[in-house]
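In the numbering used here, the protein residues as written are 7 to 195.
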């Protein structure tokens, strides 16, 4: 039995059939080495010509939200030029653009409004999220009460002075119509 799956030598196997690897002469080896070194040197020269200058990436901290971004110095300079010398991250720049549309086009006011919103969020929102939510609800109630002072009065269609353009007035209650329908149903049964 043959161990480990080795095969037995055949009787017709001839030693002359085995080919020995050719030995390379030192001349062939020297030529191969010189060819490779030539290719490497020419490739390095070509690669050096094609490479663009590497722009260094820096960590820049947003002056609104405090988030750090990896940016090139060129991008940092562009953003500082846009926002009065302050670095503003991409997310905050979108928020400033939205604020710009709301307040009518004054970029300084939009930036200061966004910075104050970020400062108040960082002051309360991160440390005390429940208090921040309560403060937001308080501000919503203030805004709604200022808007509802006009709506707090009952406006009748007969009172033309109280009716202002854009407000919906109610002429009568719809409860009587419901009770009438319910009474009609009871009578029919």
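All C-beta atoms in this analysis are idealised placements derived from N, C-alpha and C, irrespective of residue type, glycine included.
Examine the ligand NAP and report whether any of its heavy atoms sits within less than 7 angstroms of the Cβ of residue 138.
This structure lacks the ligand NAP; in fact it carries no ligand of any kind.
May I ask you to report which of helix, strand or coil DSSP gives residue 63?
Here residue 63 refers to the residue found at position 57 when the chain shown is read from its first residue. It is a strand residue.
Measure the C-alpha to C-alpha separation of residue 135 and residue 141 and round it to an integer number of angstroms.
One-based indexing of the chain shown puts residue 135 at position 129. One-based indexing of the chain shown puts residue 141 at position 135. Using only the alpha carbons, I get a separation of about 10 angstroms.
Quick check: residue 99 and residue 78, are their CB atoms within less than 8 angstroms of each other?
For this step, residue 99 is matched to residue 93 along the chain shown. For this step, residue 78 is matched to residue 72 along the chain shown. In this structure, residue 78 does not lie closer than 8 angstroms to residue 99 by Cβ.
Expressed to the nearest angstrom, what Euclidean distance is found between the alpha-carbon atoms of residue 73 and residue 137?
One-based indexing of the chain shown puts residue 73 at position 67. One-based indexing of the chain shown puts residue 137 at position 131. So the alpha carbons of these two residues sit roughly 23 angstroms apart.
What runs of the beta strand (DSSP E), each 3 residues or longer, lie entirely inside the region 67-153?
Taking only runs of at least 3 residues, the beta strand (DSSP E) segments lying wholly in the region 67-153 are 74-78.
Roughly how many whole angstroms lie between the Cα atoms of residue 93 and residue 121?
Counted from its first residue, the chain shown places residue 93 at position 87. Counted from its first residue, the chain shown places residue 121 at position 115. When rounded, the distance between both Cα atoms is 12 angstroms.
Could you name the residues of the same chain whose beta carbon sits closer than 8 angstroms to that of residue 63, not counting the 5 residues immediately before and after it, in chain order?
Working through the chain shown from its first residue, we reach residue 63 at position 57. These residues qualify, in order along the chain: 76, 77, 78.
Residues in its own chain within less than 7 angstroms of residue 125 by CB, not counting five upstream and five downstream?
Here residue 125 refers to the residue found at position 119 when the chain shown is read from its first residue. Here the set comprises nothing.
How would you label residue 117, buried or exposed, when you count the other beta carbons within 10 angstroms and need 16 or more for buried?
Sequence index remark: in the chain shown, residue 117 carries index 111 (1-based). Residue 117 should be labelled buried.
At the level of alpha carbons, what is the spacing between residue 130 and residue 143?
Numbered from its first residue, the chain shown carries residue 130 at position 124. Numbered from its first residue, the chain shown carries residue 143 at position 137. Approximately 14 angstroms between the Cα atoms of the pair.
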